[in-house]
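In this note's numbering, the protein residues as written are 45 to 192.
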């Protein structure tokens, strides 16, 4: 990878606002991923989540659960750390779009009806992080200073 690509990937002038956004969003995503992958926090784990995903037509369910859970868990941890923030946020944003259109859209906007408002908020936050990067307090920023 050349210096220009690394600079584009890692450098961010977002300041502390990115930290304020990425840490709680990362914690939320990691917790939801842990439900899918490990059955933590009242989740169903890979087997249960995979069966549910298959029941709504997302086949193969186990693989879809593994992909969604990994994107959320590892993407969330990366956001908390500010490590490879742009790609982690982009994968998380894509995962939220899939959730919106495959699970929540038919239920309308409101979360009380299993609607898409929460996934939309996470999509917006992760899309913003994909664009602005990790900010000044991050591993990305530290790496960018060493590379540049």
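Glycine is no exception: its CB is placed at the ideal position from the N, C-alpha and C atoms.
All values derive from a computational prediction rather than experimental measurement.
>> Suppose you measure from the CA of residue 87 to the CA of residue 148; what does that come to, to the nearest Å?
In response: Looking at the two C-alpha atoms, the distance is approximately 18 Å.
>> Determine whether the beta carbon atoms of residue 119 and residue 135 lie at a separation below 8 Å.
In response: Taking 8 Å as the cut-off, the Cβ atoms of residue 119 and residue 135 count as close.
>> Among the candidates 154, 127 and 99, whose CA atom is the shortest distance from the CA of residue 67?
In response: Nearest C-alpha to residue 67: 127.
> Are there 16 or more other CB atoms within 10 angstroms of the CB of residue 191, so buried, or fewer, so exposed?
Replying inline: Sixteen is the threshold: since fewer than 16 other Cβ atoms of the shown chains lie within 10 Å of the Cβ of residue 191, the residue is exposed.
> So, is residue 184 buried or exposed, given that buried needs 16 or more other C-beta atoms within 10 angstroms?
Replying inline: Buried, by the Cβ-count rule.
> Taking the Cβ atom as the reference point for each residue, do residue 265 and residue 159 lie within a distance shorter than 8 Å?
Replying inline: Residue 265 is absent from the structure shown; the chain starts at 45 and stops at 192.
> Relative to the C-alpha of residue 82, which residue among 133, 70, 106 and 100 is closest?
Replying inline: Of the listed residues, the one whose Cα sits closest to residue 82 is 106.
> Taking the alpha carbon of residue 71 as the point to measure from, which residue in 181, 171, 180 and 166 has its own alpha carbon closest?
Replying inline: Between residue 71 and the set 181, 171, 180 and 166, the nearest pair of CA atoms involves 166.
>> Considering only their Cβ atoms, is the gap separating residue 133 from residue 123 smaller than 8 Å?
In response: Yes. Within cutoff.
> Among the residues of its own chain, which have a CB less than 6 Å from the CB of residue 163, if the five just before and after it don't count?
Replying inline: Excluding sequence neighbours, residue 163 sits near 140, 143, 144 and 148.
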